[in-house]
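Student: Convert by adding 165 to the 1-based position in the sequence shown; the result is the number in my numbering. A virtual CB, placed ideally from N, CA and C, is assigned to each residue, including glycine.
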Amino acid sequence: MATKKKTDILLDKEQLKASIIRHLRSTLGTSEEKASQESWWKATAAAVNEQVYERLTRTQQTHLKQDTRAIHYLSAEFLMGRLTSNNLHNLSLYKVCDEALADLGLNLSDLCECEPDMALGNGGLGRLAACFIDSLATLSYPAIGYGIHYEHGLFRQEIQDGRQIERPDSWREYGNPWEICRPESVQEIPLYGYVETVFCDDGHMKKVWHAGRKIKGVPWDIPVVGFGGHTVNILRLWESRASEFFDWDVFNAGGYLDSQAEKAQAETISKVLYPNDETEAGKELRLIQQYFFCACSIKDIMRRYKRAHGNDFSHFADQIAIQLNDTHPTIAIPELMRVLVDEEDLQWEKAWDICYRVFAYTNHTLLPEALEKWAVYLFERVLPRHLEIIYEINSRFLSEKVEPMWPGNDAIKAKLSIIEEGDVRKVRMGNLCVIGSNKVNGVAEVHSRLVKEDLFPEFDQIWPDKLCNVTNGVTPRRWLLACNPELAALYDEVVGKEWPLKLDLLRSVVKFADDKAFQKQFMTIKRHNKEKLVEVIKAETGIDVSAEAIFDIQIKRLHEYKRQQLNLLHIMALYRRLLADPDYDMHPRVFIFGSKAAPGYKLAKDIIYAINKVAERVNNDVRIKGKLKVVFMPNYRVSLAEKLIPAADVSEQISTAGYEASGTGNMKMALNGAITIGTLDGANIEIAEEAGEENCAIFGLTVDEVKALKARGYNPYDFYYANSEIKAVLDWFDTDYFTPGRPGELSSIKRALLDGGDTYLALADFAAYSEAHRKIDTWYCDPSLWAKKAIINSATMGKFNSDRSIEDYVARIWGLKSCKVG
Ligand code: NBG
166 MATKKKTDIL LDKEQLKASI IRHLRSTLGT SEEKASQESW WKATAAAVNE QVYERLTRTQ
226 QTHLKQDTRA IHYLSAEFLM GRLTSNNLHN LSLYKVCDEA LADLGLNLSD LCECEPDMAL
286 GNGGLGRLAA CFIDSLATLS YPAIGYGIHY EHGLFRQEIQ DGRQIERPDS WREYGNPWEI
346 CRPESVQEIP LYGYVETVFC DDGHMKKVWH AGRKIKGVPW DIPVVGFGGH TVNILRLWES
406 RASEFFDWDV FNAGGYLDSQ AEKAQAETIS KVLYPNDETE AGKELRLIQQ YFFCACSIKD
466 IMRRYKRAHG NDFSHFADQI AIQLNDTHPT IAIPELMRVL VDEEDLQWEK AWDICYRVFA
526 YTNHTLLPEA LEKWAVYLFE RVLPRHLEII YEINSRFLSE KVEPMWPGND AIKAKLSIIE
586 EGDVRKVRMG NLCVIGSNKV NGVAEVHSRL VKEDLFPEFD QIWPDKLCNV TNGVTPRRWL
646 LACNPELAAL YDEVVGKEWP LKLDLLRSVV KFADDKAFQK QFMTIKRHNK EKLVEVIKAE
706 TGIDVSAEAI FDIQIKRLHE YKRQQLNLLH IMALYRRLLA DPDYDMHPRV FIFGSKAAPG
766 YKLAKDIIYA INKVAERVNN DVRIKGKLKV VFMPNYRVSL AEKLIPAADV SEQISTAGYE
826 ASGTGNMKMA LNGAITIGTL DGANIEIAEE AGEENCAIFG LTVDEVKALK ARGYNPYDFY
886 YANSEIKAVL DWFDTDYFTP GRPGELSSIK RALLDGGDTY LALADFAAYS EAHRKIDTWY
946 CDPSLWAKKA IINSATMGKF NSDRSIEDYV ARIWGLKSCK VG
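(1) Is threonine 396 near ligand 1, in the sense that its beta carbon is under 8 angstroms from a heavy atom of that ligand?
(2) In chain order, what residues of the same chain have a beta carbon less than 6 angstroms from the beta carbon of asparagine 363, not counting five sequence neighbours either side?
(3) Between which residues of its own chain and lysine 685 is the CB-CB distance below 7 angstroms, once the five residues before and five after are set aside?
(4) Buried or exposed: isoleucine 334, going by 16 or more other Cβ atoms within 10 Å of its Cβ?
(5) Could you have a look at proline 281 and say whether DSSP puts it in helix, strand or coil?
(6) Please go through the same chain and pick out, in chain order, the residues whose beta-carbon is closer than 7 angstroms to the beta-carbon of arginine 406, but skip the five residues on each side of it.
(7) Please classify leucine 836 as buried or exposed, where buried requires at least 16 other C-beta atoms within 10 Å of its C-beta.
(8) Are the CB atoms of serine 300 and aspartate 968 within a distance shorter than 9 angstroms?
(9) Which residues mark the beginning and the end of the beta strand (DSSP E) in which aspartate 717 is found?
(10) When every heavy atom of ligand 1 is checked, does at least one fall within less than 8 angstroms of the C-beta of aspartate 491?
(11) Leucine 581 and valine 592: beta carbons closer than 9 angstroms?
(12) Across which residues does DSSP place threonine 527 in a beta bridge pair?
(13) Alpha carbon to alpha carbon, how far is histidine 551 from cysteine 984? Give it in angstroms, no decimals.
(14) For tryptophan 205 and leucine 253, which I take to be in contact (beta-carbon distance under 8 angstroms), what is that distance rounded to the nearest angstrom?
(15) According to DSSP, simplified to helix, strand and coil, what is arginine 321?
(16) Taking 8 angstroms as the line, does the beta carbon of glutamate 534 fall inside it for any heavy atom of ligand 1?
(17) Please tell me whether, using a cut-off of 8 angstroms, the distance from the CB of asparagine 255 to the nearest non-hydrogen atom of ligand 1 is below it.
(18) Count the other C-beta atoms from every protein chain shown that fall within 10 angstroms of the C-beta of asparagine 785, then say buried if there are 16 or more, exposed otherwise.
(19) Could you tell me which of Leu918, Phe243, Glu278 sits nearest to leucine 733, measuring between CA atoms?
(20) What are the residues that DSSP puts in a beta bridge with alanine 235?
(21) Can you tell me where the beta strand (DSSP E) holding threonine 362 begins and where it ends?
(22) Would you kindly check if the distance between the Cβ of tyrosine 359 and the Cβ of glycine 340 is under 9 angstroms?
(23) DSSP three-state label for valine 868, please.
(24) Determine the DSSP secondary structure at threonine 227, reduced to helix, strand or coil.
(25) Is it a yes or a no for the region 642-652 touching the region 906-920, going by three-plus beta-carbon pairs under 8 angstroms?
(26) Are isoleucine 498 and cysteine 598 closer than 9 angstroms when you measure CB to CB?
(27) Since tyrosine 311 sits in a beta bridge, which residues does DSSP pair it with?
(28) Between the C-alpha atoms of glutamate 972 and proline 753, what's the straight-line distance to the nearest angstrom?
(29) What first and last residue would you give for the alpha helix (DSSP H) that runs through arginine 187?
(30) Apart from the five residues on each side of it in sequence, which residues of its chain come closer than 7 angstroms, Cβ to Cβ, to glutamate 696?
(31) Quick check: does the Cβ of alanine 813 come within less than 8 angstroms of any heavy atom belonging to ligand 1?
(32) Per DSSP, what kind of secondary structure is aspartate 386 in: helix, strand or coil?
(33) Please list the terminal residues of the continuous beta strand (DSSP E) segment that includes arginine 332.
(34) Scan the region 807-889 and note each continuous alpha helix (DSSP H) run of 4 residues or more that stays entirely inside, going in chain order.
(35) Quickly, what does DSSP pair proline 355 with across the bridge? List them, please.
(36) With a Cβ-Cβ cutoff of 9 angstroms, do glutamate 323 and isoleucine 313 count as a contact?
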């Protein structure tokens, strides 16, 4: 028998069983007789961790020895979801574990349900970061994710009488077996205070920041297991604690908040994730949160660099790449400048050269309200030295780059300046990011084009090679292998077991798209997934739906630009048609929503309420013979997405063209065999290119048409008066048809669509959307045609593997070498 290599998975079923029982007793302090499901889950995680830690150590030793360039991914959000099944799959231990637990009378998927989601993110941006660190480890790149160890992740959503209620999410109330505290790497972070100019003995001038407070940053490491289990990188999340440090002189001189409040503030920094993904919170706390995790991370990066290179910074930019995931970590740029200039005594030019080579920035949205700006007075108080550094960066930028290109042009200077003038002067974090980064990327082709043409055209003129594209991707390990085991097994059989690494291999399945036997296999799997979802829907909402129906799913944050309201208008229109003619020709359809609204976003919450009220009425109306059902799944999150996505027939991707930077749910649903009904926006365009436009239901205004319509002057009343169905549906909102005895409760939606100007052109796209739905219906009524389209969609999504995105980042931005762990 061949001897096992060091990297082989060492555990067999008996060993794993023994390890789980050992941990149940010695780590959890319980016994087989008494143990709860939760204890069994934790014991299982502990047993798996024996493998994980061993590989983690080996990875770290290898990286230290090889001393290769590493990527540091700074992100305020990492939406990790659950880790148990993911880690088991990536270690190739899932099957063994399943069998081991079955022997013990337990069920692995039940145990996985004990794990709370790590919901340390809002939506696409945070989930993308999670997919990226999975891919980085899978591809053996030295990488570390840096973020915030929020005590409470995104709120838990309850629905009461149709309305969203926010409840705190306490994901680690009873401990999380996948994280390790690292007190040996605690950092101290300064805040507030003042800056002093001192003259050194050698005559040069130096700035000294006397902090008013210091906050302790405690790192928690989450191992990130690459597929195949060779590389285990880490995600390092910082938790804030009050530090003993307190400067009475500064405190007395400044007359700041009382000391108790400041202590509480120290611990508040990592308490909650801001539940806005596309609006500015405008709070001091948020700026401090950003600075806190960036400063901790820069210190950590410095410590590790110095361990290998001492005070010789000439290799810094060769060794270190830092990616800024959106503008949230922008403050890392002036922080690195501060450390290099003030603490390491580097010349400004030298330090700037390093910074510029180290940083790159990803833009995730064009929505102006999401491009962060912080009041100058806030900076002055919280980060006085950083403000000086920002001024210096700005003045050099304006005189060295802008003035030579547009001599004497004050308008351009005002536009490109990091400082926005006005009643309240502001720091524009987006401009700072572009000026301080060597590359700036958008997240889908069309988005990157708009970043160049509309958002940063002058920056593109100054640096023609800086702005680029890296289309998003998703990890096929979580979003196919783990969440859709039957389809994964079918692909194993047909294309071999390499596809989770080389998703392009699925393309060879296209040749079976017409094969009746294969169609049957494929659609039987979809049917099973739908049947499982029927149970989940019943358990979560009490609503009965039939797996016979088309499952039409829209899952994403609630935002007007994503246009859940358009979906709702169409549902109401279908309902009207059915009421007018109960034999109206349509295949039974279940519309499923999953969505959280930012707590302060009133209209978004009204839309959730309206969906639920329409659902109540529609679902209980016997006249329509069950042809239409509407389901709002409460508390949409990663683990729920894993159940919804494999069961989707239709994927709703209906944003106003030009507004959805990319989307990633669109990729996941298509990969699992759903057909996209979508606009030519974000990654939908590339999905349609890959799958073929004939296999998607593309509709609506294009980016250029949206711009043209807006330029002409869009009047939603034109559509209201011209289209009797639109008028009838909108007028319905003013009645009490859906809210008996309470007319007008849903009127805010009509108002936003008419008097509010319908910013996102829902009425303009309604007719085309409705037409696209008819097309979907016709296709579905031809099972073989539908199966063919579904198969082609799934088989052609190879491009949207996040491994491909990472390879693009490596080639276009980071210049890393992979580092195999033996
Ligand atoms: C989101 C976009 C999505 C995109 C993700 C990941 C923000 C600010 N942006 O379209 O809205 O898929 O980022 O890039 O959350």
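Tutor: Looking at the coordinates:
(1) Locating residue 396 in the sequence shown gives position 231, counting from the first residue. Result no, Cβ not under 8 angstroms from ligand 1.
(2) Within the sequence shown, residue 363 is the residue found at index 198, counting from 1. The question names asparagine, yet the displayed sequence has valine at residue 363. By the criterion of a C-beta distance shorter than 6 angstroms, valine 363 is surrounded in its chain by Lys371, Val373, once the five residues flanking it on both sides are discounted.
(3) Here residue 685 refers to the residue found at position 520 of the sequence shown. So the list is empty, once near-sequence residues are dropped.
(4) For this step, residue 334 is matched to residue 169 along the sequence shown. A small correction: the amino acid at residue 334 is aspartate; isoleucine does not occupy that position in the sequence shown. Classification for aspartate 334: buried.
(5) Residue mapping note: residue 281 aligns to position 116 of the sequence shown, counting from 1. Coil, per DSSP.
(6) On the sequence shown, residue 406 is found 241 positions in, with the first residue counted as 1. So the qualifying residues of the chain are Lys381, Val383, Ala431, Glu432.
(7) In the sequence shown, the residue the question calls residue 836 occupies position 671. With 16 or more other Cβ atoms within 10 Å, it is buried.
(8) Taking the first residue of the sequence shown as 1, we reach residue 968 at position 803. Taking the first residue of the sequence shown as 1, we reach residue 300 at position 135. Judged by beta-carbon spacing, serine 300 lies within the 9 angstroms limit of aspartate 968, meaning their Cβ atoms are closer than that value.
(9) Taking the first residue of the sequence shown as 1, we reach residue 717 at position 552. Following the DSSP letters along the chain, one finds aspartate 717 inside the beta strand (DSSP E) bounded by residues 715-720.
(10) As a position in the sequence shown, residue 491 is number 326, starting the count at 1. Under cutoff, so the answer is yes.
(11) Taking the sequence shown and counting its residues from 1, the one referred to as residue 581 is at position 416. Taking the sequence shown and counting its residues from 1, the one referred to as residue 592 is at position 427. Not closer than 9 angstroms, so no.
(12) Taking the first residue of the sequence shown as 1, we reach residue 527 at position 362. Residue pairing of threonine 527 in beta bridges, as defined by DSSP: Asn490, Asn606.
(13) Here residue 984 corresponds to residue number 819 of the sequence shown, with the count starting at 1. Here residue 551 corresponds to residue number 386 of the sequence shown, with the count starting at 1. Their Cα atoms are separated by approximately 36 angstroms.
(14) For the purposes of this step, residue 205 is taken as the residue at position 40 of the sequence shown. For the purposes of this step, residue 253 is taken as the residue at position 88 of the sequence shown. Contact between tryptophan 205 and leucine 253 is absent: CB atoms are separated by about 14 angstroms, not below the 8 angstroms threshold.
(15) Reading the sequence shown from its first residue, position 156 is the one you call residue 321. The answer is strand: DSSP assigns arginine 321 an E or B state.
(16) Translated into the one-based positions of the sequence shown, residue 534 becomes position 369. Glutamate 534: no, Cβ never under 8 angstroms from ligand 1.
(17) Within the sequence shown, residue 255 is the residue found at index 90, counting from 1. The answer is no for asparagine 255.
(18) Numbered from its first residue, the sequence shown carries residue 785 at position 620. With fewer than 16 other Cβ atoms within 10 Å, it is exposed.
(19) Working through the sequence shown from its first residue, we reach residue 733 at position 568. With distances taken between Cα atoms, leucine 733 lies closest to Leu918.
(20) Along the sequence shown, read from residue 1 onward, the residue named residue 235 stands at position 70. Under DSSP, alanine 235 shares a beta bridge with Ile485.
(21) Translated into positions along the sequence shown, residue 362 becomes position 197. Its beta strand (DSSP E) spans residues 359-364.
(22) Translated into the one-based positions of the sequence shown, residue 340 becomes position 175. Translated into the one-based positions of the sequence shown, residue 359 becomes position 194. Using a Cβ distance threshold of 9 angstroms, glycine 340 and tyrosine 359 do not count as a contacting pair.
(23) As a working note, residue 868 is residue 703 in the sequence shown. For valine 868, the three-state secondary structure derived from DSSP is helix.
(24) To locate residue 227, count along the sequence shown from 1; it is residue 62. Note: threonine 227 maps to helix in three-state DSSP.
(25) Not touching, per the Cβ criterion.
(26) Taking the sequence shown and counting its residues from 1, one reaches residue 498 at position 333. Taking the sequence shown and counting its residues from 1, one reaches residue 598 at position 433. Yes, the pair counts as a contact, with Cβ atoms nearer than the cut-off.
(27) The sequence position of residue 311 within the sequence shown is 146, counting from 1. In the DSSP output, where bridge partners are listed per residue, tyrosine 311 has Leu239, Arg401.
(28) Taking the first residue of the sequence shown as 1, we reach residue 972 at position 807. Taking the first residue of the sequence shown as 1, we reach residue 753 at position 588. Rounded to whole angstroms, glutamate 972 to proline 753 spans 43 angstroms at the Cα level.
(29) Numbered from 1 along the sequence shown, position 22 holds the residue referred to as residue 187. Note, arginine 187: alpha helix (DSSP H), 178-191.
(30) Along the sequence shown, read from residue 1 onward, the residue named residue 696 stands at position 531. The residues are Ala712.
(31) Here residue 813 corresponds to residue number 648 of the sequence shown, with the count starting at 1. Every heavy atom of ligand 1 is 8 angstroms or more from the Cβ of alanine 813, so no.
(32) As a position in the sequence shown, residue 386 is number 221, starting the count at 1. Aspartate 386 falls in the strand class under three-state DSSP.
(33) The residue labelled residue 332 in the question sits at position 167 within the sequence shown. 328-332 is the extent of the beta strand (DSSP E) around arginine 332.
(34) The qualifying runs are 830-836, 849-856, 868-877, 881-887.
(35) The residue given as residue 355 occupies position 190 in the sequence shown. DSSP output for proline 355 lists Lys379 as bridge partner(s).
(36) The residue labelled residue 323 in the question sits at position 158 within the sequence shown. The residue labelled residue 313 in the question sits at position 148 within the sequence shown. Cβ atoms of glutamate 323 and isoleucine 313: not closer than 9 angstroms.
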